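Keeping their order, the protein sequence lines are chains U and D.
So the first sequence is numbered by numbering that gives the first Met the number 0: it starts at 0 and just counts up by one.
So the second sequence is numbered by numbering that gives the first Met the number 0: it starts at 0 and just counts up by one.
Here is the structure we will look at.
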Amino acid sequence: MSGWVFLVVGIMLTAAAALALYRIARGPSILDRMIASDMLLTTIICAMGAEMVYNSHVRTLPAMLVLAATAFLGSVVVARYASRSGHK
Amino acid sequence: MTFQGIIDVVTGIFLVLGAFLSLAAGVGLLRFPDAIARMHATTKPQILGLIFILLAIALQERRLSTILMLATLLLFQMMTAPISAHMIGRAGYRNGVVAEGSLLVDELERAIERAQDEEPDDDPAEPGDDGR
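Right, dumping it as structure tokens:
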């Protein structure tokens with residue numbers, strides 16, 4: 000497969016991750032940061048998948064599986080924390 | 000064009016689509032005004048973008064073991080993404096991150112009022128036993 004497809008994919012995923020990092024840094028609330036970090040994790044899963052296609056192997060598939068299965072725990076914990084501390 | 004050539008072209012299209020959805024989510028995360036709108040943007044690569052990437056992998060590695068693993072991955076993502084979205088939206092509503100005017104229908108407000116009427120001592124911000 001021609002390399003420019005992967006160049007485009009890499010640039011898009013990098014830009015998406017950079018935008019998510021910007022939103023994590025900017026805020027304004029802890030929930031915005033959590034949404035952004037959730038999306039960063041999804042971008043990482045997509046990048047791992049694209050890398051597997053590029054190098055034509057399936058070795059990182061278990062890591063993707065674990066990430067997809069446990070990604071929600073962080074959001075749940077932060078959401079519980081936020082709904083508790085927000086009431087003052 | 001050979002069979003493998005066609006497969007490669009379709010794989011490339013799927014990869015670009017998946018990456019484009021991630022990029023769109025990033026732009027939405029940057030530009031949208033409040034937490035709920037940003038959540039709307041970020042759910043696009045969470046399911047559809049991942050489906051595209053997984054289809055690309057499945058087209059390249061056409062084996063039953065790989066495809067079963069990909070199906071499990073997608074199933075986990077589909078099961079867990081709504082849980083985190085629900086919890087974030089709930090916490091956002093109670094923290095006042097959601098703008099009042101942006102909601103057309105607000106069923107949670109009535110539910111919270113009902114819960115407060117039933118148990119006046121209970122702290123409404125505490126999710127309690129139902130706050131999964």
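Using N, Cα and C, we set each Cβ at its ideal position, and we do this for glycine too.
Remember, predicted model here, so these are calculated numbers, not experimental data.
Three-state secondary structure assigned by DSSP to residue i
i      : result
U/R22  : helix
U/T59  : coil
D/G130 : Confidence is the limiting factor: at D/G130 the pLDDT is only 47, short of 50, which leaves the residue's position unreliable and the question unanswerable from this model.
D/P81  : helix
U/R37  : Checking the sequence, you will find Asp at residue 37 of chain U rather than Arg. Here U/D37 sits in helix by DSSP.
D/V104 : coil
D/M0   : coil
U/S74  : helix
D/G11  : helix
D/G95  : coil
D/P32  : coil
D/P44  : helix
D/E117 : helix
U/A67  : helix
D/S21  : helix
U/R83  : helix
D/R62  : coil
CB of residue i within 9 Å of CB of residue j, strictly
i     : j     : result
U/V77 : U/M38 : no
D/A80 : D/I46 : yes
U/A24 : D/G25 : no
U/L40 : U/L64 : no
D/A34 : D/V97 : yes
D/S21 : U/L60 : no
D/L53 : D/L73 : yes
D/G17 : U/V8  : yes
D/P44 : D/A70 : no
U/G73 : U/S28 : no
D/I50 : U/F71 : no
D/G95 : U/A81 : no
U/S1  : D/Q59 : no
U/V4  : D/G48 : no
D/L14 : U/A49 : yes
U/T42 : U/A15 : yes
7 Å Cβ cut-off: residues of chain U touching residue i
i      : result
D/F19  : M11
D/P32  : Under the 7 Å cutoff, chain U gives no residues; its nearest Cβ is about 11 Å from D/P32.
D/V104 : Ordered by position in chain U, no residue passes the 7 Å Cβ test against D/V104, which lies about 21 Å from the chain.
D/L22  : M11, A14, A15
D/I56  : G48, M51, V52
Contact set between residue i and chain D, taken where Cβ atoms lie within less than 7 Å
i     : result
U/I44 : L49
U/R58 : Ordered by position in chain D, no residue passes the 7 Å Cβ test against U/R58, which lies about 11 Å from the chain.
U/G2  : Residues of chain D passing the Cβ test: none, with the nearest at roughly 11 Å.
Amino acids of chain D, ordered along the chain, whose beta-carbon sits closer than 8 Å to that of residue i
i      : result
U/S36  : In chain order: nothing, as chain D lies at least about 10 Å away.
U/L170 : It is not possible to answer for residue 170 of chain U, since the shown part of chain U is limited to 0 through 87.
Proximal chain U residues relative to residue i, where beta-carbon distance stays under 9 Å
i     : result
D/V26 : A14, A15, L18
D/T41 : A19, I34, A35, D37, M38, T41
Contact list for residue i against chain U, beta-carbon separation under 8 Å
i      : result
D/V9   : Per Cβ cutoff of 8 Å: no residues; D/V9 is ~11 Å from chain U at best.
D/R89  : A78, S82
D/Q115 : By Cβ distance, chain U contributes nothing, its closest Cβ being about 12 Å from D/Q115, past 8 Å.
Residue i: contacting residues in chain D (beta-carbon distance under 9 Å)
i     : result
U/L6  : Per Cβ cutoff of 9 Å: no residues; U/L6 is ~11 Å from chain D at best.
U/A24 : Ordered by position in chain D, no residue passes the 9 Å Cβ test against U/A24, which lies about 12 Å from the chain.
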